[in-house]
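What follows is a set of notes on a single structure, which appears directly below.
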Amino acid sequence: MTDTSTRAERMATPLARDSIRKIAEASGGCLRPIQMRRTDTVTSQTEQVMKPCGATLASICPPCAERARSLRATQCREGWHLEDEPDAGPPAPDKTQEYWLTLRAEAQVCRDRAESHGEDTGDLDELLAELDTEITRAGVRGTVTTSTGSGKAGTRRSRSTRRRQDAPDLPRRKIGPQTLGKVFTAPDGKSYRPSMFLTLTCDSYGKVNDDGTPVDADTYDYERAARDALHFSALTDRFIQNLRRVLGYDAQYFGAIEPQRRLAPHVHMAIRGAIPRAVLRQVIAATYHQVWWPSTDVVRYDGDQLPVWDEDLSTYLDPATGEVLPTWDQALDALGPADDPLHVVRFGATFDAQGVLAGSKDANRCIRYLTKYLTKQVADCHRADTDVQRTHVQRLADALRYEPCSPACANWLRYSVQPKNAKAGLVPGACKGKPHRPEHLGYAGRRVLVSRKWSGKTLADHRGDRKAWLTETLGLEPPDPARYTWHVVTPSDRDYLPSDKRLLHIVADRARWQAALAEAKRRAQEADGNLSATGTEAA
Ligand SMILES: [Zn+2]
Ligand SMILES: [Zn+2]
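Counting from 2, one number per residue, gives the positions in the sequence shown under my numbering.
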């Protein structure tokens, strides 16, 4: 039979596969599900279960990204106006852990004593390393000292710890353990626990138009814009440390980092507890982060005149003289007290702060604001529509190209320093580090910053809450995790389903769940109706 339909008719008829995809998306079903085989260990029956891909970016899977965003919104909401202190944190060490930790402490004392007497500490350093391994084996997270390796003293370079003269001093209080803000009581006896919504921006790099592009692109400071973006997370950390010290308690925050229209990062923060504007202004003015890296003022190697890798010596050499380039550690050691830091990051003087009450319209609006861009890459938050905007994006990318992104960045070779952990094949301007990639605009750190005692729960806990709610609402038995084993089904398996078939499963699953949920809600409403009806009668 020949198809006699016209092209126009065909165009107006939806394609089956495309339609299934749209239905899956509209019902919140994952578009790239992972096929799992679930085996019931009691009955040996197997079932194919489609597990959501769990993407956080809408460009990969919009429904999963939206679910991840809404989970973040829940986390933000639960912590913001917390009324009771969250759990005190990790449990105390058990007997075995305590044994190893005590040994470790005693060994440290011996080692430090030996060092102060000018004795060789090699054996003791080895012992410390072995004890550290035992401590980790006993199930203790992290390390007992902040310095790396075996706790060698003297490996830390002494930097001037004097505050910068151009930054105001801050009052320093001892930080208490409490994480909750003040409660205010109104004359009518009602109590309020206000919290803050704060926005901090970078400094100005030159005047910008409404579309975010510079008024004068030639004087716009792209270098500073690039460096500020690279070191923005360190600055945010420093701000929180300073804030806690001034407030005298362990203030908690949920922050989201995203670019402004001018492409500079800014941070929105929900902070628990109210903070006077004057205090914020003071902390912002006094907060800075200094980057103690070698100078990049002089470009020593460029074009095809690049340092060459010596396989035998595992080191980079000057292409003309064969001289060994200073290593990263040597370059850092060479920085003297008279040197300036490579860069100092600060916030701009303008900030936005508002008090927000629990459960208010404002709180909901702020939470939407905080999570709005989480499903997008940094560079996709604002689309460049005009040539001027595209040029602006390009100029920032150009500035980031040769800016060292980390101690291991290939760009250090350009400035005659071997990158940390140097290896063959490093080319300045071609560093694979995330901050150089166009989608990050220099900021490749975490997009959501949540302090440890925010909601007292991990993201996995919040996800578990949601599952538990669903199980309860549907009146299901909570599944026994020990009863099932799970395996990922791969294309080489006999029961593997191609992606279009997996999507059909998703659509069917979603339809079933949604019907069950609607039915459960209807029943709950009915029960409520009966209750209030009896209530009226009784009254
Ligand atoms: Zn997905
Ligand atoms: Zn790099």
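The beta carbon of each residue, even a glycine, is placed where N, CA and C say it ideally should be.
- Residue pairing of F348 in beta bridges, as defined by DSSP: C203.
- According to the DSSP assignment, V184 belongs to no alpha helix (DSSP H), since it is labelled neither H nor E.
- In this structure, the C-beta of H437 approaches ligand 2 to less than 7 angstroms from one of its heavy atoms.
- At a threshold of 7 angstroms, C77 does not count as near ligand 2, since its beta carbon sits no closer than that to any of the ligand's heavy atoms.
- DSSP places D124 in the uninterrupted alpha helix (DSSP H) bounded by 123-138.
- In the three-state reduction of the DSSP assignment, S71 falls in the helix class.
- Annotation for G256: the continuous beta strand (DSSP E) segment containing it runs 254-260.
- Minimum Cα-Cα distance from Q291 among the listed residues L248, C62, A235, V280 corresponds to A235.
- Within 7 angstroms of the C-beta of C62 there is at least one heavy atom belonging to ligand 1.
- Within the segment 283-348, the runs of alpha helix (DSSP H) that reach at least 4 residues and sit entirely inside it are, in chain order, 329-334.
- For G476, the closest alpha carbon among the candidates L248, K468, L314 is that of K468.
- Note on V299: under 16 other CB atoms within 10 angstroms of its CB, so exposed under the neighbour-count rule.
- Distance from the C-beta of S407 to the nearest heavy atom of ligand 2 is below 7 angstroms.
- Shown here, Y416 sits in a helix according to DSSP, grouped into three states.
- Remark: the shortest separation between the CB of C410 and any heavy atom of ligand 2 falls under 7 angstroms.
- The nearest non-hydrogen atom of ligand 2 is 7 angstroms or more from the C-beta of G426.
- Taken in chain order, the unbroken stretches of alpha helix (DSSP H) that lie wholly in the segment 448-502 and span 4 residues or more are 460-474.
- Relative to A517, the option among D496, L505, L471 whose CA is nearest is L471.
- For T47, the enclosing beta strand (DSSP E) begins and ends at 47-52.
- Non-local beta-carbon contacts of T328 in its own chain, meaning distances under 6 angstroms to residues more than five positions away in sequence, involve Q419 in chain order.
- Shortest gap from the CB of G434 to any heavy atom of ligand 2: under 7 angstroms.
- Under the three-state reduction of DSSP, I507 is assigned to helix.
- Between I258 and L450, the gap from beta carbon to beta carbon is short of 8 angstroms.
- Counting C-beta atoms within 10 angstroms of its own C-beta, K183 has fewer than 16 neighbours from the protein chains shown and is therefore classed as exposed.
- Exclusion of the five residues before and after I368 leaves A74, C77, R78 as the residues of its chain whose Cβ lies within less than 7 angstroms of its Cβ.
- Within the DSSP bridge table, the entry for P64 names no partner.
- For D229, there is no enclosing beta strand (DSSP E); the enclosing alpha helix (DSSP H) has its first and last residue at 223-231.
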